[in-house]
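Shown next, in structure tokens, is the structure this report addresses.
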DNA sequence: TTGACGACAATACGATCGTATGGCTACGGT
DNA sequence: ACCGTAGCCATACGATCGTATTGTCGTCAA
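Protein chains in written order, with UniProt numbering: chain A, 1 to 187; chain B, 1 to 187.
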């Protein structure tokens, strides 16, 4: 299932997770994957192509894991909570995932191709959240607005959980997410 | 008022704003500031020291601008809205500021010294927001929780405004902020 | 007057970077 | 049997990096 290309992409993601994007070099990726520089160059012509492929890779992985987790959701409301906790980096979501997308996001501010992938993913995420809101809380008048606010909240929480674990431990992030979801029905 | 050191820090911040942290090198900073490599080394012994000083520099600048903007606030509620719109990158806040702190945040995930400065600033921000909430909406039972949620929302909105201007134009961010603030009184 | 020192500039060093190049091996089609 | 090509490695090239070293001016205390 996992070819040599995916192995390289996993190596890159692992490097980003613990040394940041600045720690990524063709040589480091090759080392981590246990192959030569030439092998990396064979599968991806440039570093940029490797980076873009890695972004698509983490997106694909995320969608797969999401689908699996949501298969156990009893209702749209339950699915919304599962997705929210996952995105917020609350219990169950590894810090590494947040660090990776945070690194990509920062790079997106400077690289148009990376920005395009980021925009596509986040737009898709907002649509998905909006659908869950519309299905789980049909009385809401602006599910798209609710989804956009929720997505922003979750992004901010994820960063806080990853960078400030003592100010924002996962349990607090979970409480805040639940409070916001409760506001969906009340407010 | 602005000595040669501040000039170097401004140069670094300008580089981060339009090429990211990866565009920062001693040589680039020296070039942008119109001095030699040696001058940079004279004021800051290492690149890391320069980076840390730049973070403190943007913090100081931010506090100064904030204090100036808040001096025109009629009430705690008004001050809260001004600060929220500023942090969210809504109309009036430049994209560059968001890109700079986003870059620093991503770097904080990998550099403990940068992380410490980041934590200090964000903790201070949450406290300040909590005070404004407590003053402007005294009936709230958990102003610290409100502040933490608001701060996360604003961080997420700022990133969205900076990276996805068509999904999250400043006006939409402003509407979402206002909706959240309205929920302070209702929910 | 001299001499130390602060504020730079110029240059050098070793490391690492992305990428190009050329060769080797194994295999699949003709 | 043979040729091409996919897959991979070793190595080289030029650029850029952070930092160390050394020198050159002023200014100002003694």
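Virtual Cβ for every residue (Gly too), placed ideally from N, Cα, C.
Exercise. Shortest alpha-carbon distance to residue 100(B) belongs to which of 55(B), 143(B) and 164(B)?
Worked result: 55(B)
Problem set entry | residue 31(B) versus residue 158(B): straight-line alpha-carbon distance, rounded | 30 Å
For this session: Determine the closest residue to residue 115(B) out of 29(B), 52(B), 37(B) and 39(B), with distance taken between C-alpha atoms.
Result: 52(B)
For this session: Give me the Cα-Cα distance between residue 147(B) and residue 35(B), rounded to the nearest whole angstrom.
Result: 43 Å
For this session: Using the Cα positions of residue 103(B) and residue 106(A), report the straight-line distance between them to the nearest angstrom.
Result: 5 Å
Problem set entry | Cβ of residue 126(A) within 8 Å of any chain B Cβ | yes
For this session: Starting from the C-beta of residue 128(A), find all residues in its chain whose C-beta is less than 7 Å away, skip the five residues before and the five after it, and write them out in chain order.
Result: none
Exercise. What is the DSSP secondary structure of residue 55(B), reduced to helix, strand or coil?
Worked result: helix
For this session: Assign residue 145(B) to one of three DSSP states: helix, strand, or coil.
Result: helix
For this session: Indicate whether at least one CB of chain A lies closer than 8 Å to the CB of residue 58(B).
Result: no
Problem set entry | Own chain, CB closer than 6 Å to residue 130(B), minus 5 neighbours either side, in chain order | 143, 144 and 147
Exercise. By Cβ distance, which residues of its chain are closer than 8 Å to residue 1(A), with the 5 residues on each side in sequence left out?
Worked result: For residue 1(A), the pLDDT reaches just 49, beneath the cut-off of 50, and the residue's location in the model is therefore unreliable, leaving the point undetermined.
Problem set entry | residue 150(B) versus residue 65(B): straight-line alpha-carbon distance, rounded | 20 Å
Exercise. Is the CB-CB distance between residue 90(B) and residue 153(A) below 8 Å?
Worked result: no
Problem set entry | Cα-Cα separation between residue 161(A) and residue 45(A), rounded to whole angstroms | 36 Å
Problem set entry | Beta carbon of residue 71(B) nearer than 8 Å to that of residue 43(B) | no
Exercise. Would you say residue 1(B) faces chain A, with C-beta separation under 8 Å as the test?
Worked result: Caution is warranted here: a pLDDT of 49 is assigned to residue 1(B), below 50, making its placement in the model unreliable, and the coordinate value is therefore given only provisionally. So no, residue 1(B) is outside the interface.
Exercise. Straight-line CA distance for residue 182(A) to residue 94(B)?
Worked result: 34 Å
Exercise. Thinking C-alpha only, which one of 8(B), 16(B), 59(B) and 179(B) is nearest residue 109(A)?
Worked result: 16(B)
For this session: With 8 Å as the threshold, decide whether the Cβ of residue 77(B) is near any Cβ in chain A.
Result: no
For this session: Let me know the secondary structure DSSP gives residue 1(A) once reduced to three states.
Result: With a pLDDT of 49 at residue 1(A), under the threshold of 50, the predicted position of this residue should be treated as unreliable, though the coordinate-derived value follows. Residue state, collapsed to three classes: coil.
Exercise. Relative to chain A, which residues along the stretch 108-140 of chain B have a C-beta separation below 9 Å, given in chain order?
Worked result: 108, 109, 110, 111, 115, 118, 119, 122, 123 and 126
Problem set entry | Partners in chain A for residue 19(B), counting only beta-carbon separations shorter than 8 Å | 110
Exercise. Taking Cβ-Cβ distances shorter than 7 Å, what residues in chain B pair up with residue 102(A)?
Worked result: 105, 106 and 109
Exercise. Does the Cβ-Cβ distance between residue 33(A) and residue 57(A) come in under 8 Å?
Worked result: no
For this session: Please decide whether residue 183(B) counts as near chain A, where near means a Cβ-Cβ distance under 8 Å.
Result: yes
Problem set entry | Chain-order list of residues whose beta-carbon lies under 6 Å from that of residue 188(B) (same chain, five-residue window excluded) | What the structure shows of chain B is the stretch from 1 to 187, and residue 188(B) is not part of that stretch, so it cannot be assessed.
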